[in-house]
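Position 132 (the sequence shown) corresponds to 132 in full-length UniProt numbering; numbering is contiguous.
From the three backbone atoms N, C-alpha and C, an ideal C-beta is built for every residue, glycine too.
Predicted model, so just to flag it, every value in this text is computed and none were measured.
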Amino acid sequence: MVDNFIDRKHGREEISYPDVQWQHESLKPVLEPTYGIILYQEQVMQIAQVLSGYTLGGADMLRRAMGKKKPEEMAKQRSVFAEGAEKNGINAELAMKIFDLVEKFAGYGFNKSHSAAYALVSYQTLWLKAHYPAEFMAAVMTARYGQYREGGGPGG
């Protein structure tokens, strides 16, 4: 997935929404910011809304079901997705292939706002490492990750 994202960003791979064999133009607005790659949980919800007419609440239930990977719930969601896609005039085979792609995503998807927060912390950390390498490494070597004093707080 990371390699595909990078290759698409740099024009070395064709951008499709979401896959060369199984794509639908209505997904372009949802997946265009990520070069056709499903990265965020919010995109799963939007795909369900666009292709299958899910409500926002229903799309959130799909997202949660994918996260829990309960076979009976996923079978129910697959059926709801297929019925909604049919009502929207989406080919049944295409709908199921896209559902399969979305389901695979569930193993690595992340909330967009959390991704942004982690990216900011990463940027700040790398800036400190680049501009204050001695202090940064001293702090890294001093910190005892995962250990806390009695009463809370880092240290130990």
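- The segment 47-56 and the segment 88-97 touch, with three or more beta-carbon pairs separated by less than 8 Å.
- Annotation for residue 41: 63, 109 and 111 place their beta carbon closer than 6 Å to its own, counting only its chain and skipping 5 residues before and after.
- Looking from the CA of residue 82, the closest CA among 71, 94 and 72 belongs to 94.
- Remark: C-beta atoms of residue 37 and residue 96 do not approach each other more closely than 9 Å.
- According to the DSSP assignment, residue 130 belongs to the alpha helix (DSSP H) that extends over 112-131.
- The alpha helix (DSSP H) runs of length 4 or more contained entirely in the UniProt domain "DNA polymerase III alpha subunit finger" (1-89) are, from start to end of the chain, 2-9, 28-31, 41-52, 56-68 and 71-87.
- Take the alpha-carbon of residue 119 and the one of residue 113: they are about 10 Å apart.
- Rounded to whole angstroms, the Cβ separation of residue 7 and residue 13 is 4 Å, and the two are in contact under 8 Å.
- Distance between residue 102 and residue 44, taken at the CA atoms: about 6 Å.
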